[in-house]
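First residue of the sequence shown: 21, per this note's numbering; consecutive thereafter. Virtual Cβ for every residue (Gly too), placed ideally from N, Cα, C. Notes to accompany the following structure.
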Amino acid sequence: MSRAPFNDKVAIVTGGGSGIGRAASQRLAVEGAQVVVADIDLPGAERTVELIAARGGQAVAIRADIASEQDNQAIFDLAEERFGGIDAAFLNAGMIQPYGPLEALALETFDRIIAVNLRGTYLGVQQARARLRPGGSCVVTASLSGVIGFAEGPAYAVSKHGLVGLVRSAASAFAERGTRINAICPGMVLTGMTGTVGLEAIDDPDEVADPAYRGALSAQQIAEVALFLLSRRSAGINGQAQNIDAALLSAFPPLADML
Numbered sequence: 021m022s023r024a025p026f027n028d029k030v031a032i033v034t035g036g037g038s039g040i041g042r043a044a045s046q047r048l049a050v051e052g053a054q055v056v057v058a059d060i061d062l063p064g065a066e067r068t069v070e071l072i073a074a075r076g077g078q079a080v081a082i083r084a085d086i087a088s089e090q091d092n093q094a095i096f097d098l099a100e101e102r103f104g105g106i107d108a109a110f111l112n113a114g115m116i117q118p119y120g121p122l123e124a125l126a127l128e129t130f131d132r133i134i135a136v137n138l139r140g141t142y143l144g145v146q147q148a149r150a151r152l153r154p155g156g157s158c159v160v161t162a163s164l165s166g167v168i169g170f171a172e173g174p175a176y177a178v179s180k181h182g183l184v185g186l187v188r189s190a191a192s193a194f195a196e197r198g199t200r201i202n203a204i205c206p207g208m209v210l211t212g213m214t215g216t217v218g219l220e221a222i223d224d225p226d227e228v229a230d231p232a233y234r235g236a237l238s239a240q241q242i243a244e245v246a247l248f249l250l251s252r253r254s255a256g257i258n259g260q261a262q263n264i265d266a267a268l269l270s271a272f273p274p275l276a277d278m279l
């Protein structure tokens with residue numbers, strides 16, 4: 021008999037204080053998980069915990085800068101100490117650079133983007149590999165910018181390309197421990213990071229609206245794919261990067277749009 025896929029499971033979500041991370045944290049809790057919500061914005065993480073508690077779920081917030089090795093360790097320590105282990109790690113935290121061309125990209129900006137998005141997620145991946153229980157899963161938030169270039173965000177694209185390579189390269193190391201790792205590559209998502217107001221509420225997953233063809237997606241539309249990859253329902257998927265883009269990269273646009 022089917023049951024909630026995360027019953028008796030423990031999940032970590034980084035960047036859980038807003039956007040995709042907030043939606044994923046709430047959905048994991050609804051599906052039975054105990055959730056550690058990590059974010060550099062502690063009030064944001066605490067608000068996510070409040071939303072989970074309002075639905076009867078269990079969660080705890082922690083402030084963490086994923087660029088810090090100590091903070092990454094503290095996230096996983098908290099999950100083990102509070103809930104007894106870790107079954108799912110959604111390494112979603114990251115930052116976007118100010119839009120601009122390559123010639124305007126300052127070295128210090130490039131270094132900070134790489135330190136957070138690539139090095140910081142690498143630190144989380146190392147923790148996940150060592151500490152996920154057998155059968156567990158890690159999902160990393162990359163981007164369509166990890167699949168193609170991004171002329172107005174070259175440092176961001178470099179960091180996300182690196183994450184796709186990291187996930188593919190780490191698949192065997194995770195498999196050796198009976199766990200898995202995959203990446204999601206969202207297109208345009210309507211969150212605060214892209215300059216839109218994110219929604220706090222989540223919908224029944226069977227009632228989530230379809231995005232427009234080649235259009236922007238909601239945070240929950242991205243979160244639902246992450247949950248699938250975190251669950252045992254995707255046991256045959258390891259080392260993959262899944263585009264979530266409403267077919268944006270599936271084909272050239274109509275010629276009339278290009279002329």
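### Query
In three-state terms, what does DSSP make of residue 167?
DSSP places residue 167 in coil when its eight states are reduced to three.
### Query
Could you give the distance in angstroms between the alpha-carbon of residue 122 and the alpha-carbon of residue 171?
For residue 122 and residue 171, the distance between alpha carbons rounds to 7 Å.
### Task
Would you kindly work out how many angstroms separate the C-alpha atoms of residue 81 and residue 267, rounded to a whole number?
C-alpha separation (whole angstroms): 35 Å.
### Query
So, residue 114 versus residue 35, is the Cβ gap smaller than 8 Å?
In this structure, the beta-carbon distance from residue 114 to residue 35 falls below 8 Å.
### Message
I'd like to know if the segment 227 to 239 and the segment 202 to 210 are in contact, where contact means that at least 3 CB-CB pairs between them fall below 8 Å.
### Response
Yes, the segment 227 to 239 touches the segment 202 to 210.
### Query
Of all the options 103, 71, 96, 174, which has the alpha carbon lying nearest to the alpha carbon of residue 126?
Per the C-alpha coordinates, the member of 103, 71, 96, 174 positioned closest to residue 126 is 174.
### Query
Taking Cβ positions, are residue 79 and residue 54 nearer each other than 8 Å?
Yes. Within cutoff.
### Query
Taking the Cβ atom as the reference point for each residue, do residue 60 and residue 84 lie within a distance shorter than 8 Å?
At the C-beta level, residue 60 and residue 84 come within 8 Å of one another.
### Task
Can you say whether residue 144 is buried or exposed, counting buried as having 16 or more other CB atoms within 10 angstroms of its CB?
Buried is the call here.
### Message
Only counting the same chain, and skipping five residues up and downstream in sequence, which positions put a Cβ closer than 7 Å to that of residue 179?
### Response
The answer, listed in chain order, is 133, 134, 137, 138.
### Query
Which same chain residues, not among the five before or five after residue 142, have their C-beta less than 8 Å away from its C-beta?
Only 186 meet the Cβ criterion.
### Message
Taking the straight line between their C-alpha atoms, what separation do you get for residue 111 and residue 120?
### Response
A straight line joining the alpha-carbon of residue 111 with that of residue 120 spans about 26 Å.
### Query
Near residue 167, which residues of its chain fall below 6 Å by C-beta distance, leaving aside the five closest residues on each side in sequence?
Cβ within range, chain order: 205.
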